[in-house]
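Below: the structure, in structure tokens.
Residue numbers (our numbering): 98 to 719.
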């Protein structure tokens, strides 16, 4: 292959140490490890890493296991590569389900509704989340030819699915993770946009409106949007096409998301334009957190390279990063072969397309360590360089795997003509043309909420929440059933380490929190990363409580056509917030007043604090 060395021939790396003693989860990270990922209370970090590496190595031919087991173990134990939470939890179990989330289809029939609910029940029982595009369901009030009656609409099915999730939760399981999506020109769109405002109606789901280029064009031209079902205009009782002024629809989307953080905006038009499987199947929806556009019965197979652990002596270790990407791609490809799938349709699709989702975590921390401010000109340039590097190494690795194991089943030369693939360097496309490629899509940026806490770093591509924050939480009193309010100050672990070791002025300036950033900085970072991601990105765009709604709408209109998805959280829009960020000066003042301080991360299961979905249940007993 052109100018490339086969990574399979690379020597096993020695353990890379960030500091003396190597990596161990500490603080909140150790708590997450014990509660969610350790098989028993006695299982050590190294034992857990060994368990996961051994499980995933089952996909290797016997002659390869001795070579790849140490390499997998090295990346895991040193927190250079962190698999998704389901992989940590499911590895070593007889029927371990290692996938985070799935997308299932629905149809406009009683049988179709029943199948959707059945699919969701089975997937939820394995711990997976579900994304559903309800657009195939006919709008409320339209006639049903077979019975002469009127349809109850797509939101009615959403309510059934939502209530099913409530039943699962009430039965002792974790909350069902759901994404409910509807096309902007569906006849039920206005009811859909307001449904979440009715507390309890769709309380178990994230909701997003599906848009495309025609949507944004209609807004800019202040045109009317023709409501459709199955791509045909909906005709009212007077024989006229049903329409909505584009501005009215847009204003409702902006108002509702500004006030309550929903709906999200999912650009299905751009997703399919860049879809590497456009010649085979369209993508129809995302997983609940929005980072993975999927075809029917597609799934999320996630892992992340920890960028912060690849900084050595104030510089990016590019050779180490390249090796971690290559190992991560192979690891996730192996997951597809050792996973216990919820049912056959999902297994068949996953084996045919072999979609994986290699992402990153620790970008916020890495930028600080490199002395670049998140969203600044220098920061954007560095992010672009890092993401382009990861993209190229990942596609090289998947091509090498095709040489060894064969291309994914439905690969054809049409793959080279798809939107994202045409953006790859010519040398990589030439190698793919010669050898094929193992995975239909490779790159995803997930929120990495709990796994980033485990790794002691910032989540996904999010900026730092704050150098320190005040945490308020309730516990039950031992003497009574009364709830007791607790308060504590939590220091970001990197901030604490850098203060202890000596923080440069450049690094201190780079320690900007998510609440201090300009709103557009969030969008610039996401747009920069999106150029290099074939799947999608879960990213929360934080805006201040007093941010003008008009300015917010303008930015959403500016970046909406460029991004596959947008989720916004306005501070305070969901009521009282348990975390109060502190400035650098406030954090330093507090640390000076304390001989000891808490170390932790502000990351929650969803970094915005608005998605209460965790990737695995908190373990009560083994």
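By construction, the Cβ of each residue, glycine as well, lies at the ideal position given by its N, Cα and C atoms. Keep in mind that this is a model prediction, so the values were computed, not measured.
Classify residue 582 as buried or exposed, calling it buried when 16 or more other Cβ atoms lie within 10 Å of its own Cβ. Around the beta carbon of residue 582, fewer than 16 other beta carbons lie within 10 angstroms, which makes this residue exposed.
Could you compute how far the alpha carbon of residue 294 sits from the alpha carbon of residue 300? About 9 Å.
Any idea what DSSP makes of residue 548, helix, strand or coil? Of the three classes helix, strand and coil, the one that applies to residue 548 here is helix, per DSSP.
CB-CB under 6 Å to residue 663, same chain, minus the five flanking residues each way: which ones, in chain order? Here the set comprises 362.
The beta strand (DSSP E) enclosing residue 277, as first and last residue numbers: Counting along the chain, residue 277 sits inside the beta strand (DSSP E) bounded by residues 275 to 280.
On the criterion of 16 or more Cβ atoms from any shown chain inside 10 Å, does residue 87 qualify as buried, or is it exposed? Since the first residue shown for the chain is 98 and the last is 719, residue 87 is missing from the structure and cannot be characterised.
On a CA-only basis, which of 226, 185, 219 and 208 is nearest residue 197? Give me that one, please. Ranking 226, 185, 219 and 208 by Cα distance to residue 197 puts 226 first.
On a CA-only basis, which of 344, 161 and 290 is nearest residue 427? Give me that one, please. Considering only 344, 161 and 290, the residue with the shortest C-alpha distance to residue 427 is 161.
Please state whether the Cβ-Cβ distance between residue 411 and residue 603 is less than 8 Å. Residue 603 sits away from residue 411, with the two beta carbons spaced by 8 Å or more.
Measuring CA to CA, which of 668, 275 and 239 is closest to residue 334? The candidate whose alpha carbon is nearest that of residue 334 is 239.
If we count the other Cβ atoms within 10 Å of its Cβ and call it buried at 16 or more, is residue 648 buried or exposed? Exposed, since its Cβ has fewer than 16 Cβ neighbours within 10 Å.
Less than 8 Å separating the beta-carbons of residue 540 and residue 456? Yes. Within cutoff.
Does the distance from the CB of residue 398 to the CB of residue 429 come in under 8 Å? Yes, the pair counts as a contact, with Cβ atoms nearer than the cut-off.
Helix or strand or just coil, what does DSSP make of residue 568? Residue 568: strand per DSSP, three-state reduction.
Can you tell me where the alpha helix (DSSP H) holding residue 425 begins and where it ends? First-last of the alpha helix (DSSP H) with residue 425: 415 to 435.
Take the Cβ of residue 138 as the centre, count every other Cβ of all protein chains shown within 10 Å, and call the residue buried at 16 or more, exposed below. Looking at its Cβ environment, which holds fewer than 16 other Cβ atoms inside 10 Å, residue 138 is exposed.
Under the DSSP definition of a beta bridge, which residues are partnered with residue 199? DSSP output for residue 199 lists 227 and 396 as bridge partner(s).
Residue 721, DSSP secondary structure in three states: With the chain covering only 98 through 719, there is no way to say anything about residue 721.
Use the C-beta contact count for residue 698: other C-beta atoms within 10 angstroms, 16 or more gives buried, fewer gives exposed. Here residue 698 scores only 46 on pLDDT, less than 50, and its place in the model is too uncertain to base an answer on.
Would you say the region 636 to 653 touches the region 495 to 510, given that touching needs at least three Cβ pairs under 8 Å? No contact exists between the region 636 to 653 and the region 495 to 510.
Where are the beta strand (DSSP E) runs, 3 residues long or more, that stay fully inside the region 427 to 510, in chain order? For the beta strand (DSSP E) assignment, the uninterrupted runs of no fewer than 3 residues enclosed by the region 427 to 510 are, from N- to C-terminal side, 454 to 458.
For my contact list, residue 149 and residue 180 are in at a C-beta cut-off of 8 Å; report their separation, rounded to the angstrom. Residue 149 to residue 180, Cβ: 7 Å. Contact.
Could you name the residues of the same chain whose beta carbon sits closer than 6 Å to that of residue 367, not counting the 5 residues immediately before and after it, in chain order? Short of 6 Å from the beta carbon of residue 367, and not among the five residues preceding or following it, lie these beta carbons of its own chain, in chain order: 661.
What are the start and end residues of the alpha helix (DSSP H) that includes residue 683? Run containing residue 683: 681 to 690, per the alpha helix (DSSP H) assignment.
Per-residue DSSP class, three states only, for residue 175: Coil, per DSSP.
Residue 389 by DSSP, collapsed to three states: which one? In the structure shown, the three-state DSSP call for residue 389 is coil.
Straight-line gap, residue 414 to residue 178 (C-alpha atoms, nearest Å): Within the model, the alpha-carbon separation for residue 414 versus residue 178 is close to 14 Å.
Excluding five sequence neighbours on each side, which residues of the same chain lie with their C-beta closer than 7 Å to the C-beta of residue 432? Result list for residue 432: 153, 184, 195 and 398, in chain order.
Kindly indicate which residue of 254, 229 and 221 has the alpha-carbon position closest to the one of residue 237. Of 254, 229 and 221, the smallest CA-CA separation from residue 237 is found for 254.
Three-state secondary structure assigned by DSSP to residue 283: DSSP, read as helix, strand or coil, puts residue 283 in strand.
Burial state of residue 686 (16 or more Cβ within 10 Å): Label assigned to residue 686: exposed.
Under 8 Å between the Cβ atoms of residue 435 and residue 156? For residue 435 and residue 156, yes; Cβs fall inside 8 Å.
My understanding is that residue 200 touches residue 228, with C-beta atoms under 8 Å, so please give their C-beta distance in whole angstroms. About 4 Å separates the beta carbon of residue 200 from that of residue 228, a gap short enough to meet the 8 Å contact definition.
Can you tell me the Cβ-Cβ gap for residue 635 and residue 386, rounded? I've got them flagged as a contact below 8 Å. Contact flag correct, Cβ pair sits at about 4 Å.
Nearest to residue 728 by CA position, among 216, 637 and 517, is which residue? Examination of residue 728 is not possible in this model, given that the chain is present from 98 through 719 alone.
Tell me which same chain residues have a C-beta within less than 7 Å of the C-beta of residue 507, skipping the five on either side of it? Contacts found: 377, 449 and 450.
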